[in-house]
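Just so you know, the sequences run in chain order H, Y, C and X.
Here the first sequence stands for residues 7 to 132, where the numbers follow the working numbering.
Here the second sequence stands for residues 4 to 555, where the numbers follow the working numbering.
Here the third sequence stands for residues 34 to 140, where the numbers follow the working numbering.
Here the fourth sequence stands for residues 302 to 390, where the numbers follow the working numbering.
Some notes on the structure that comes next.
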Amino acid sequence: MTSRIVKTVTKDLLPFILLFGVYIILYGHLSPGGGFQGGVILATAVLLVVVVYGIGRFQKFIPYLTVAETVGVTLFVLIGMIGIAYGKQFLVNFGTIPLMNIIIGLKVFVGLLLMYLFFIGWEVKK
Amino acid sequence: MIEHLPIFLLITPLISGLIVTLISISSKTEKIQKIITFISLSLPFLYLTLLFQELSDGVIEYNIGGWTKPYAITLVVDDLAFALLVITSIVTFLSFIYSLKCMRETGGNFCFFYLLMTTGLYGIFLTGDIFNLYVFFELTVISSYILITFGDKRTSLMASFKYLIMGSIASFFFLLAIGLLYIKTGLLNIEYLSMNIHQIDCQTQMVIFSLFLVALGIKAAIIPFHVWLVSAHSTAPSPVSAVLSGITVKTGVYIFIRIFTLGCTLQNLNETLIALGALTALGGVTGALVEWDIKRLLAYHTISQMGFIIVGIGTFSDIGITGGIYHIVNHAVFKGLLFLCAGSIIYRTGTSDIREHGIGRTMPITLITYIIAALAISGITPFNGAVSKSLIEASVYNYPIIRLILVFASIGTVAHFSKIFYYSFIKTQKHRDPLRYQEVPFSMLIPMVILAFLCILLGIIPNIWLDNFILPATSSIIGGYNVIQFKLFDALLILKEMIIVALGIILLKVIIVRSKDIDRLRTFISKFNLNICIFLMAITLVFVLVIFSLSN
Amino acid sequence: MINGLNIGIVLFLIGLYGIITNKNVIKMVMSLGVMGNSIVLFFISLGYITDGEAPIMTSGVKQIVDPIPQTLMLTMIVINLCLTALALTIIVWLYNEFGTLDMREIG
Amino acid sequence: MKIEILEKIVVACVLIFLGIIIISFTMLTYSTTLSSDLSEYCLENLPLTGAINVVCAILLDFRAYDTLGEILIIFVTVSGVVLLARREK
Numbered sequence: 007m008t009s010r011i012v013k014t015v016t017k018d019l020l021p022f023i024l025l026f027g028v029y030i031i032l033y034g035h036l037s038p039g040g041g042f043q044g045g046v047i048l049a050t051a052v053l054l055v056v057v058v059y060g061i062g063r064f065q066k067f068i069p070y071l072t073v074a075e076t077v078g079v080t081l082f083v084l085i086g087m088i089g090i091a092y093g094k095q096f097l098v099n100f101g102t103i104p105l106m107n108i109i110i111g112l113k114v115f116v117g118l119l120l121m122y123l124f125f126i127g128w129e130v131k132k
Numbered sequence: 004m005i006e007h008l009p010i011f012l013l014i015t016p017l018i019s020g021l022i023v024t025l026i027s028i029s030s031k032t033e034k035i036q037k038i039i040t041f042i043s044l045s046l047p048f049l050y051l052t053l054l055f056q057e058l059s060d061g062v063i064e065y066n067i068g069g070w071t072k073p074y075a076i077t078l079v080v081d082d083l084a085f086a087l088l089v090i091t092s093i094v095t096f097l098s099f100i101y102s103l104k105c106m107r108e109t110g111g112n113f114c115f116f117y118l119l120m121t122t123g124l125y126g127i128f129l130t131g132d133i134f135n136l137y138v139f140f141e142l143t144v145i146s147s148y149i150l151i152t153f154g155d156k157r158t159s160l161m162a163s164f165k166y167l168i169m170g171s172i173a174s175f176f177f178l179l180a181i182g183l184l185y186i187k188t189g190l191l192n193i194e195y196l197s198m199n200i201h202q203i204d205c206q207t208q209m210v211i212f213s214l215f216l217v218a219l220g221i222k223a224a225i226i227p228f229h230v231w232l233v234s235a236h237s238t239a240p241s242p243v244s245a246v247l248s249g250i251t252v253k254t255g256v257y258i259f260i261r262i263f264t265l266g267c268t269l270q271n272l273n274e275t276l277i278a279l280g281a282l283t284a285l286g287g288v289t290g291a292l293v294e295w296d297i298k299r300l301l302a303y304h305t306i307s308q309m310g311f312i313i314v315g316i317g318t319f320s321d322i323g324i325t326g327g328i329y330h331i332v333n334h335a336v337f338k339g340l341l342f343l344c345a346g347s348i349i350y351r352t353g354t355s356d357i358r359e360h361g362i363g364r365t366m367p368i369t370l371i372t373y374i375i376a377a378l379a380i381s382g383i384t385p386f387n388g389a390v391s392k393s394l395i396e397a398s399v400y401n402y403p404i405i406r407l408i409l410v411f412a413s414i415g416t417v418a419h420f421s422k423i424f425y426y427s428f429i430k431t432q433k434h435r436d437p438l439r440y441q442e443v444p445f446s447m448l449i450p451m452v453i454l455a456f457l458c459i460l461l462g463i464i465p466n467i468w469l470d471n472f473i474l475p476a477t478s479s480i481i482g483g484y485n486v487i488q489f490k491l492f493d494a495l496l497i498l499k500e501m502i503i504v505a506l507g508i509i510l511l512k513v514i515i516v517r518s519k520d521i522d523r524l525r526t527f528i529s530k531f532n533l534n535i536c537i538f539l540m541a542i543t544l545v546f547v548l549v550i551f552s553l554s555n
Numbered sequence: 034m035i036n037g038l039n040i041g042i043v044l045f046l047i048g049l050y051g052i053i054t055n056k057n058v059i060k061m062v063m064s065l066g067v068m069g070n071s072i073v074l075f076f077i078s079l080g081y082i083t084d085g086e087a088p089i090m091t092s093g094v095k096q097i098v099d100p101i102p103q104t105l106m107l108t109m110i111v112i113n114l115c116l117t118a119l120a121l122t123i124i125v126w127l128y129n130e131f132g133t134l135d136m137r138e139i140g
Numbered sequence: 302m303k304i305e306i307l308e309k310i311v312v313a314c315v316l317i318f319l320g321i322i323i324i325s326f327t328m329l330t331y332s333t334t335l336s337s338d339l340s341e342y343c344l345e346n347l348p349l350t351g352a353i354n355v356v357c358a359i360l361l362d363f364r365a366y367d368t369l370g371e372i373l374i375i376f377v378t379v380s381g382v383v384l385l386a387r388r389e390k
């Protein structure tokens, strides 16, 4: 995948894919979309870069990705716990839908990216 | 704060799992992770004690998100769920203590997946929503797939893969059934579904129940769908095997009890379940005939005991369901104990082949706990297996053939456990290595001793347990019960048990002499691979549908 | 007779056929994928209402399709993705250990 | 070789029979009106959630507990994949 055409197109296309992913996440409660869908789009954008430019520069991000993933789940549970702290039920809604969308988007993005990186890492090792 | 107890039960292992991961990223010390896991697995005992006081006022319900009941996801703690939650917390806690010594090299990762599996199990027993059941079942089994690969390197991967394929097929059948229920009733709450199920037309009911039968049959390892269980339970690490065999298999039966006993108007559903259960009870014992691997033997016995439970529940009578629920609890205790014993023997000798064990009397506490568990699973009087087995046999009083099959299964059970006893404990190896033959560490002994104590306690005062735990659980399913007083030392029962033990030992003799026929049986059993098993599953589905359509 | 619901059931059985007859583990996982997608088709068709619109309540929307099955399927798709990823990971290691992908040789 | 083809034919026949039974028993068709109690309840209470997208509102409010289970499943799977990838031979 070292063709110049592919590299140029990827470089030009990347911001738009990322922007589209962020749009899908942020407007999830108003238009078709949501955290999962946007997260997957973001992950595929980075996957495109990995496929075209090689995995080399992404290896060092892996520990940070793991942390981000754990933090994402923890934040989701903590938002759920807010309800208990205010004397209501678990996972009660305080207008938190956009926030939850962002957290889920982050989590899915990071999780899928980690899986892709490990799968591709195997391919390279062989 | 007291009304949030059900959700705390679920959140505690979950949050500690997250903390364990965060710690494992920053540092490599396993001590803190193990302490956190220990605390979070012991906290449920506190919650359950508090819940037990609440439970006397009636069923505890917790609507998540604050929406009203049949529409929100509801956590329901009734007596049945409570009994299973208690046994889950006991087995997971004791298995974790056991794993401290024998799972040393895997460390923090093991703690994380173990905690998430526990979360999933609590989620299954707490939830009152049928789709949520699917989600938490997937959480449990996905953690189990990974936990299984911690075991023996080569075979555990294949076992995990088989379990994954069968588990996914079960989930898909379950989802199809959920879809049909949803389109016909427009609800997902289990309690309201059961109230509205008689409104569905008869033919759709047949399809729904045969789909559920396949889905839950795979999860409960009924015989044509059992192929994943033996490899998965035998190659997993011993503490994980104890939880898988003690609790995870029971989730299938738990959903059986919740769904099948409720408002179903189909003819012949009872007979189908009882026949499948009897086949499972006999088939599990037959499969164990050819095995020399201690954990595979125990796994086949799990199948056989699941057959007993299915027979009890399939009668839909109060005595049968009581026996079934009691046997669920008992089986979790003694099968957990047996797997821990097997783990101890493997820990010292390094092999799971019983012909190479021959530890003699060098491990006295393991020996005593093994004898207690073996007597309990064979159904000998002062131990807990006797109570539930005689209740189940009493419930199929009208089906003499089924009773005969259950007696045969009991004889086979005695034979196999005396086989393990003879080869592992009585026979002694010639070349003894003194280091290998000594008692296991203290932290591995404690869970075994506690479980052995529970075996005796559940057997020696059965009426207290029946009155306070099991019969209320039955009444929460079928809405009422007759008081069952179990007579502990019945002369006729003891005579029957002695005959069964005698026949079992004769059977063992026959097995050892006729080894050629056993080899033929082994080639026959080895033909049941994954593909054929799934094909048999499809045939069973057709068969059940045809039976239903002929009789309704 | 020919609608999404029945085609979902047919696809489900095709996936089952694939799992029964294939001995290659990767093909078995692909058949699992077919089964999963058939479930998605089945559920989405369950919620479909003739002439219904997407369930987004902007002004002027009269008849919407049932949103519940769509939501359930969003959950199910993600779970299915996780199962497939895990199955493929296990298959890589199976190949490393046994050197083959044939179910009969792996055991 | 012959036996394998025979196997496939038998399997196909059983599954075709199964399909015919299920489809003829259930007789499913598209519905014409929204008849589910659950969806109607969700639509009535939609203004309380602060979202217009009904699917998103159900996913993150009415059935947020399912979503919690779901992100836990992603978490477990990713950890499992990472663990298995680092597993030594």
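The beta carbon of each residue, even a glycine, is placed where N, CA and C say it ideally should be.
All values reported here derive from a predicted model rather than from experimental measurement.
By the C-beta criterion, the segment 114–126 of chain Y is judged not to be in contact with the segment 63–70 of chain Y, since fewer than 3 inter-stretch pairs fall below 8 angstroms. If you look at L114 of chain C, you'll find it in the alpha helix (DSSP H) that goes 100–131. Contact between the segment 34–44 of chain H and the segment 99–114 of chain H is present: three or more C-beta pairs spanning the two stretches fall below 8 angstroms. Residue pairing by DSSP places Y65 of chain Y opposite Y:L78 in a beta bridge.
Here N401 of chain Y carries a coil assignment [DSSP, helix/strand/coil]. Assignment of I97 of chain C by DSSP, reduced to helix, strand and coil, places it in the strand class.
As summarised for the segment 368–417 of chain Y, the continuous alpha helix (DSSP H) elements at least 4 residues long and confined to that stretch are 387–398, given in chain order.
Counting of Cβ neighbours within 10 angstroms places D135 of chain C among the exposed residues, the total staying below 16. Close CB contacts of Y373 of chain Y within its chain, under the 6 angstroms cut and outside five residues either way in sequence, are with C344 (chain order). Given a length threshold of 4 residues, each whole run of the alpha helix (DSSP H) inside the segment 330–359 of chain X is given here in chain order: 338–345, 347–350, 355–358. Secondary structure of T431 of chain Y (DSSP, three-state): strand. Distance between H419 of chain Y and Y50 of chain C, taken at the CA atoms: about 37 angstroms.
For V293 of chain Y, there is no enclosing alpha helix (DSSP H), as DSSP marks it with neither H nor E. By the neighbour-count criterion, in which a residue is buried when 16 or more other Cβ atoms sit within 10 angstroms of its Cβ, R364 of chain X is buried.
Look at the segment 191–234 of chain Y and you find no whole run of beta strand (DSSP E) that is 3 residues long or longer.
The beta-carbon of K309 of chain X is placed less than 9 angstroms from the nearest beta-carbon of chain C.
Within chain H, the residues placing a beta-carbon under 7 angstroms from that of V111 of chain C are F42, ordered along the chain. In this structure, K298 of chain Y sits away from S347 of chain Y, with a CB-CB distance that is not shorter than 9 angstroms. Contact with chain Y is found for G69 of chain C, since one of that chain's Cβ atoms lies less than 9 angstroms from the residue's Cβ.
Contact annotation for I323 of chain X against chain C: I42 [CB-CB distance below 7 angstroms, chain order]. The segment 440–459 of chain Y and the segment 364–373 of chain Y touch, with no fewer than 3 CB-CB distances between them shorter than 8 angstroms.
In the three-state scheme derived from DSSP, where H, G and I count as helix and E and B as strand, I10 of chain Y is classed as helix. DSSP places Q36 of chain Y inside the alpha helix (DSSP H), whose first and last residues are 34–58. Among the residues of chain Y, those whose CB is under 8 angstroms from the CB of A365 of chain X are I67, G68, following chain order. None of the residues of the segment 49–61 of chain Y has a beta carbon lying less than 7 angstroms from any beta carbon of chain X. For the segment 91–106 of chain H, the residues whose beta carbon sits under 8 angstroms from a beta carbon of chain Y are, in order, K94, Q95, F96, L97, V98, N99. For M87 of chain H, the nearest CB of chain Y lies under 9 angstroms from its own CB, placing it at the interface with that chain. Take T238 of chain Y, set aside five residues on each side of it, and the residues of its chain with a beta-carbon closer than 6 angstroms to its own are G154, D155, T158, S159, A162, in chain order. The beta-bridge partner set that DSSP reports for I362 of chain Y consists of Y:T431. Around the C-beta of W468 of chain Y, 16 or more other C-beta atoms lie within 10 Å, and the residue is accordingly described as buried.
Per the C-alpha coordinates, the member of C:I53, C:I47, C:L79, C:V43 positioned closest to K187 of chain Y is C:L79. Look at the beta carbons and you see the segment 355–362 of chain Y touching the segment 423–431 of chain Y: at least three pairs across the two are nearer than 8 angstroms. Between the C-alpha atoms of I537 of chain Y and Y29 of chain H there is a straight-line separation of about 44 angstroms. In this structure, P475 of chain Y sits away from F342 of chain Y, with a CB-CB distance that is not shorter than 9 angstroms. DSSP places Y366 of chain X inside the alpha helix (DSSP H), whose first and last residues are 365–387. When Cβ-Cβ separations below 9 angstroms define contact, L36 of chain H makes contact with chain C.
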